[in-house]
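Here the sequence shown is numbered in numbering that gives the first Met the number 0, starting from 0 and rising by one per residue.
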Amino acid sequence: MFCITCTCTFIDVPSVDENSLNHHDVLDNENRLVNSVQFNGLTREEGAKAITQLLEWRWLVTYQKPKNLKTTYPKCGSVATRETDAIDTFVDSTWYFLRYINPMDANNIVNKDLASQWLPVYFYLGGIEHAVLHLLYSRFIMHFLYDIGVVPVKEPFEKLITQAQKDICS
Numbered sequence: 000m001f002c003i004t005c006t007c008t009f010i011d012v013p014s015v016d017e018n019s020l021n022h023h024d025v026l027d028n029e030n031r032l033v034n035s036v037q038f039n040g041l042t043r044e045e046g047a048k049a050i051t052q053l054l055e056w057r058w059l060v061t062y063q064k065p066k067n068l069k070t071t072y073p074k075c076g077s078v079a080t081r082e083t084d085a086i087d088t089f090v091d092s093t094w095y096f097l098r099y100i101n102p103m104d105a106n107n108i109v110n111k112d113l114a115s116q117w118l119p120v121y122f123y124l125g126g127i128e129h130a131v132l133h134l135l136y137s138r139f140i141m142h143f144l145y146d147i148g149v150v151p152v153k154e155p156f157e158k159l160i161t162q163a164q165k166d167i168c169s
């Protein structure tokens, strides 16, 4: 209803003849995708598989970024292959608060005895964007560290407070 009320423009994705459009034309896998960037020309079935594969690849915790694969070592000039595994930046910063507990320990992520005194963090103050990925990854990593006995608590934060929230005491 929204699109009709606001007279939105519709972009055809399966290429079908509008004059003979019926449910058989859309579902028979003869139609090819159009206006679909790298998926143009694929059947609906091929397109669904390719799109699903791409989405799953992009949502992995690590994924390949094929950039500058070949390089040279700066000191000796030898040929090198660059590491292309990338981790989402939210994952990179999900456990930094543990290092505040004992930042000089070069052998352990955190001292479990000290962590018992400091964890869980009373409240986490951040933007609303943190409520999804950053805190999800942080909880995932804390649950893992708890399961392997590194930290004494499972949940990293007791409360999330985002900017613009009024009541921090409820």
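Cβ coordinates follow ideal geometry from the N, Cα and C atoms, glycine included.
Note that this is a predicted model, so its numbers are computed, not measured.
Cutting at 8 Å between CB atoms, please list the residues of its own chain near residue i, excluding the five before and the five after it.
{"i": "Glu157", "result": "Pro119, Val120, Tyr121, Phe122"}
{"i": "Ser77", "result": "Thr71"}
{"i": "Asn110", "result": "Ile100, Asn101, Asp104"}
{"i": "Asn39", "result": "Arg31, Leu32, Val33"}
{"i": "Leu53", "result": "none"}
Since residue i and residue j should fall inside the 8 Å C-beta cutoff, what is the C-beta to C-beta distance between them, to a whole number of angstroms?
{"i": "Ala105", "j": "Val150", "result": "At roughly 18 Å, the Cβ-Cβ gap does not stay under 8 Å, so Ala105 and Val150 are not in contact."}
{"i": "His133", "j": "Phe89", "result": "4 Å"}
Go to residue i, then tell me how far its beta strand (DSSP E) extends in each direction, as first and last residue.
{"i": "Tyr123", "result": "123-125"}
{"i": "Ala114", "result": "Where Ala114 is concerned, there is no enclosing beta strand (DSSP E), although the alpha helix (DSSP H) it sits in stretches over 111-117."}
{"i": "Leu159", "result": "159-161"}
{"i": "Thr71", "result": "69-71"}
Using a Cβ-Cβ cutoff of less than 7 Å, which residues in the same chain neighbour residue i once the five nearest sequence positions on both sides are dropped?
{"i": "Tyr72", "result": "Ala79"}
{"i": "Thr161", "result": "Gly125, Gly126, Ile127, Ala130"}
{"i": "Ala49", "result": "Phe38, Leu41"}
Just tell me which of the options has its CA closest to the CA of residue i.
{"i": "Leu135", "options": "Pro155, Tyr145, Asn107, Glu55", "result": "Pro155"}
{"i": "Ile108", "options": "Gly148, Arg81, Arg43", "result": "Gly148"}
{"i": "Glu82", "options": "Leu159, Lys69, Phe89", "result": "Lys69"}
{"i": "Gln125", "options": "Thr6, Thr93, Arg31", "result": "Here residue 125 is Gly; the residue named in the question, Gln, does not match the sequence. Checked all of Thr6, Thr93, Arg31; the closest Cα to Gly125 is Thr93."}
{"i": "Lys153", "options": "Thr161, Leu159, Ile160, Phe143", "result": "Phe143"}
{"i": "Trp117", "options": "Arg98, Val131, Gly46", "result": "Arg98"}
{"i": "Asp91", "options": "Gln52, Ile140, Gly46, Ala49", "result": "Ile140"}
With DSSP as the reference, please indicate the residues paired to residue i in a beta bridge.
{"i": "Thr42", "result": "Arg31"}
{"i": "Ala79", "result": "Thr70"}
{"i": "Val120", "result": "Phe156"}
Under DSSP, the alpha helix (DSSP H) around residue i begins and ends at which residues?
{"i": "Met141", "result": "132-146"}
{"i": "Phe96", "result": "95-98"}
Could you pull out every residue in the same chain whose Cβ sits closer than 6 Å to the Cβ of residue i, ignoring the five residues on either side in sequence?
{"i": "Ser137", "result": "Thr93, Pro155"}
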